[in-house]
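Residue numbers (this note's numbering): 332 to 537.
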């Protein structure tokens, strides 16, 4: 038991070092432009008719342990924390990020009482985008939802229905800021739940 706790602590320290280096990416970027202007530009880029409600999803794990997912919601560019949701991954084998995205979206889409979004942002690349689109398209009533995915390391935004990604540097500043804020908030929410589960596991049982 002691060796297991020491191993978990080592994994936590390693993860926290990674998070420390990425803090600059997690700072919220202030957007001064009115939402209507941002919405019009975003609709043009994504080729959709309406964008009001946006949900962003992220996942977190350490070598398959404490695997969790998060869902955050922005309405007209503003975070609405009443609609935030956390998911403890039920996948029995060591899950990949794609497996986890598939699971949390399957579970999310079962809750029509939460209301469905106009746009979904996934943290990840082309594989995560394809997985999300496949799950969404299994539900005919919601296949109008647009899905995009953010590959931060590659500085690319993948868009459902488009063969080529959009380079982040080519996005209008306010759109880039919105997408980064969404992704950072989903990441923060996932990490906070992940950390809570880790700490609970490390508390000695008497």
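Built from N, CA and C at the ideal position, the CB exists for glycine as well.
The structure displayed is predicted, hence computed values, not measured ones.
How would you call residue 464, buried or exposed, if buried means at least 16 neighbouring beta carbons within 10 angstroms? buried
Would you please state the rounded distance, in angstroms, between the beta carbons of residue 403 and residue 516? I believe it to be under 8 Å. 5 Å
Assign residue 523 to one of three DSSP states: helix, strand, or coil. helix
CB-CB under 7 Å to residue 521, same chain, minus the five flanking residues each way: which ones, in chain order? 389, 390, 391, 399, 400, 401
Assuming residue 411 and residue 418 make a contact with CB atoms under 8 Å, what is their CB distance in whole Å? Rounded, the Cβ-Cβ distance is 18 Å, inconsistent with contact.
If you draw a straight line from the C-alpha of residue 505 to the C-alpha of residue 371, how long is it? 12 Å
Integer-rounded CB distance, given that residue 453 should sit under 8 Å from residue 467: In this structure, residue 467 and residue 453 do not form a Cβ contact; the two beta carbons are roughly 11 Å apart against a cut-off of 8 Å.
Just verifying my parser: in three-state terms, what is the DSSP assignment at residue 386? Looking at residue 386 - three-state DSSP - the assignment turns out to be strand.
Length of the line joining the Cα atoms of residue 449 and residue 526: For residue 449 and residue 526, the gap between their C-alpha atoms comes out near 30 Å.
Between residue 487 and residue 499, which are expected to be in contact by the criterion C-beta below 8 Å, what is the C-beta distance as a whole number of angstroms? With a beta-carbon spacing of about 7 Å, residue 487 and residue 499 fall inside the 8 Å limit used to define contacts.
Using beta-carbon positions only, say whether residue 386 and residue 451 come within less than 8 Å of one another. Closer than 8 Å, so yes.
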